[in-house]
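Numbering (mature numbering (1 follows the signal peptide of the UniProt record, and there is no 0)), first residue to last: -19 to -1, 1 to 534. From the three backbone atoms N, C-alpha and C, an ideal C-beta is built for every residue, glycine too.
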């Protein structure tokens, strides 16, 4: 939709060094259809955390709490391979701010305790200019093999986002397009030779205006500026309405002079997805929201474009019922679509947020003091989503199979014996084939999943034509895996017991009741191209004990 005149403006805005840049460094990441891939063409899945560095101090949060190297090591220890590191435009365009020492930045905000904390934990950073501190953060992440996506959150340093902060859309009080383009070019140039900087997100949560023509005009310019300055990075474009929607791309697609680098991003939170998570039946709420998310952004995957869910998050205390329900729905979609994602947020607290010193981030992966994981069970729960199920270069890319994912636990269904199934790590999952006739057949054996009776363990057998071997997906969430018992026609659903065994029980919470929790009966049959462990007929295998994190099978 963009005309040729913005491209002329682009050439005028590009600094000479960027305009004459050559692709001397091989790009570390690129795109192949909907996938992000490495130089060898193999899938690289982005499993990231957002680390804020755009608030008033203009420094990565937590430097007064823990050593920078320690924080970076904690990112890696949680199984994450990427940080979406935020920055305000002024850090790249305002030399006075960029050269302000970290000590002075904290002191001007009246934070002597934070100064003292940095002196103890990161003394070498205290008197560095803010732009150098930012570079040191990127370097510390590189030492821990953590990729970085640079995310332009705001123009002015401060908490994001509101409708009236003057940072929302092109032409707003603090969002002059020319300064924004200048900042993008400066930041892209600065990190051109930094191998772990693999992407740049051009602007966080555009909001206020819904002027699609301006989106096309300036996002095209921004993308070209970044690519000219740093041809190696992925160029990541956000949508409208706080990055909740990209549906305006259905009839039109952005036109760029380069290929193999474009990624779109979308945000999904329970408080902004129009779901009635606290007052509606959980199946109905999840089904409605997922349909909406598909129309707003997930359709891009089917069109062959990469889509990065660059922000999702929830109250990590585990006490917020609506957030808990939203999270399970999100994790199901993340597994089924094998999404690239970034959790909000890494930081357990802020130097200052919205006027409050030492503000506690209830959505933070780390605790307020940055010492421990705020919600260790969540770290375990997302383990399966940190590596790819699908994509180029996986062992079974040409012959994918099914796994049965349990979003409440983050585990998959494993065959324990012919008479018992249990939850276990998804990388040890058996390979299933979910047929058009609704059978769940164990790949290469011909054995199929069967129900015996209410309250009994699900089992394997060879009589796959029986009604108790036909598994249909019920409820608006499509996550109740259900069959009819052969002897009396009772409909039962798969259920994970508290000890991880897979049983069949009467289906619960299918609709209407807003207080019923269906998550023990939620399963998603998803595609996988991973290596298939084992392969021997399960009917010949001896039974073994229940899975534990230290078991070898």
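According to DSSP, which residues form a beta bridge with residue 31?
65
Between residue 289 and residue 122, which are expected to be in contact by the criterion C-beta below 8 Å, what is the C-beta distance as a whole number of angstroms?
Incorrect: roughly 18 Å between the Cβ atoms, too far for contact.
If distances are taken between C-alpha atoms only, which option among 145, 342, 338 and 379 comes closest to residue 296?
Nearest of 145, 342, 338 and 379 to residue 296, Cα basis: 342.
Kindly indicate which three-state DSSP category residue 489 falls into: helix, strand or coil?
coil
Could you pull out every residue in the same chain whose Cβ sits closer than 7 Å to the Cβ of residue 128, ignoring the five residues on either side in sequence?
62, 63, 177 and 179
Would you kindly check if the distance between the Cβ of residue 132 and the Cβ of residue 75 is under 8 Å?
no
Considering only the alpha carbon of each residue, which of 53, 135 and 484 lies closest to residue 125?
53
Contact belief for residue 188 with residue 149 at Cβ below 8 Å, rounded distance in angstroms
Indeed they touch by this definition, with Cβ atoms about 4 Å apart.
For the putative contact between residue 109 and residue 44, defined by C-beta atoms under 8 Å, what is the C-beta separation to the nearest angstrom?
At roughly 11 Å, the Cβ-Cβ gap does not stay under 8 Å, so residue 109 and residue 44 are not in contact.
Terminal residues of the continuous beta strand (DSSP E) containing residue 12?
Following the DSSP letters along the chain, one finds residue 12 inside the beta strand (DSSP E) bounded by residues 10 to 13.
For residue 167, which option in 134, 211 and 198 has the closest C-alpha, if you only look at C-alpha atoms?
211
Outcome for residue 194 when other beta-carbon atoms lying within 10 angstroms are tallied against a minimum of 16:
exposed
What residue from 368, 335, 22 and 328 has the CA that sits closest to residue 356's CA?
328
Check this for me: beta carbons of residue 34 and residue 96, under 8 Å apart or not?
Judged by their CB atoms, residue 34 and residue 96 are not nearer to each other than the 8 Å cut-off.
Throw me the rounded Cβ distance for the residue 505 and residue 460 pair, which I believe falls under 8 Å.
6 Å
List the DSSP bridge partners of residue 250.
Answer is 294, bridged to residue 250.
Flag this pair as yes or no: are the beta carbons of residue 322 and residue 344 separated by less than 8 Å?
no
Using DSSP with H/G/I as helix, E/B as strand and the rest coil, what is residue 74?
helix
Just list the residues that DSSP pairs residue 415 with in beta bridges.
421
The segment 7 to 22 touching the segment 71 to 85, judged by at least three CB pairs closer than 8 Å:
no
Pick helix, strand or coil for residue 406, following the three-state DSSP scheme.
coil
Identify the continuous alpha helix (DSSP H) that holds residue 542 and give its terminal residues.
Look at the range of the chain in this structure, -19 to 534, and you will see that residue 542 is not part of it.
Stretch pair the segment 385 to 399 + the segment 477 to 486: three plus CB contacts closer than 8 Å:
Result yes; three or more Cβ-Cβ pairs closer than 8 Å.
Buried versus exposed call for residue 370 [16 or more other C-beta atoms within 10 Å across all chains shown]:
buried
According to DSSP, is residue 133 helix, strand or coil?
strand
Contact check, residue 491 vs residue 455, beta carbons under 8 Å
yes
Measuring CB to CB, does residue 79 end up less than 8 Å from residue 90?
no
Go ahead and label residue 350 buried or exposed: buried means 16 or more other beta carbons lie within 10 angstroms of its beta carbon, across all protein chains shown.
exposed
Taking the straight line between their C-alpha atoms, what separation do you get for residue 196 and residue 214?
Between the C-alpha atoms of residue 196 and residue 214 there is a straight-line separation of about 21 Å.
Nonlocal neighbours in the same chain, by C-beta distance under 6 Å from residue 5, ignoring five residues either side
With a pLDDT of 29 at residue 5, under the threshold of 50, the predicted position of this residue should be treated as unreliable, though the coordinate-derived value follows. Cβ neighbours of residue 5 beyond the five flanking positions: none.
Neighbourhood of residue 162 by C-beta, 7 Å cutoff - its chain only, sequence neighbours within 5 removed
-7, 202, 203 and 206
May I ask you to list the residues that DSSP assigns as paired with residue 82?
110
Are residue 430 and residue 452 touching if we call contact CB-CB under 8 Å?
yes
Taking 8 Å as the threshold (C-beta atoms), are residue 473 and residue 262 in contact?
no
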